[in-house]
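The structure appears right after this line, and notes come after that.
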Amino acid sequence: MPTKSKAMEKKTLNSPDETRTFEKGKVELASLGGITFGRANFEPGWRWSESIKPIVKTEYCEAPHVNYHVSGQLRIRMADGTEQEFGPGDVGVVPPGHDAWVVGNEPVVVVDISGMREYAKPAVRKVIKKARKVKGKKKR
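Numbering (my numbering) for the sequence shown: 1122 to 1261.
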């Protein structure tokens, strides 16, 4: 994974650059070297389609994820119906187009190095890009 940094850098997720809170969870973010690291904390009962979907207003999570699962059990279902469960020590690559939820009564902690920059933010950029495309077309 290429970085934009030419010098060693260090930050800590214990004092994040930004924290985004939402129903039954939060993400803590630290950016350096052109990469945004995120630590997601999901409480029992958290589900992407219930906690994040109302914020981003997309059918599925459109963020790609490359992550390490620290604790708890997280089940992920892709738009095509395939499912996988992740637990402590697991690493995963999850493409856009999925729902996810906490399994059981233990909180989930996941560290993610991809897809966190825009996680749990309204999907405004896509709407703006589409509007620009429509506006840029000439009528004949």
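In this text, a Cβ means the ideal position worked out from N, Cα and C, and glycines have one as well.
I need the straight-line Cα distance from residue i to residue j, nearest angstrom please.
i     : j     : result
A1241 : D1233 : 14 Å
Y1189 : E1171 : 23 Å
V1177 : A1200 : 17 Å
W1169 : R1198 : 11 Å
Buried or exposed: which applies to residue i, given that a residue is buried once 16 or more other Cβ atoms fall within 10 Å of its Cβ?
i     : result
D1220 : buried
A1161 : buried
T1157 : buried
M1237 : buried
G1159 : buried
Looking at C-alpha atoms only, which residue of the options is the closest neighbour of residue i?
i     : options                    : result
G1208 : F1163, K1178, S1136, S1152 : F1163
G1218 : E1204, K1145, M1129        : E1204
Can residue i and residue j be called in contact, C-beta distance under 8 Å?
i     : j     : result
L1153 : P1137 : no
V1215 : H1186 : yes
L1195 : V1231 : yes
A1244 : T1179 : yes
Using 8 Å for Cβ pairs, my map puts residue i next to residue j. What's the rounded Cβ distance?
i     : j     : result
E1239 : V1224 : About 25 Å; that fails the 8 Å criterion.
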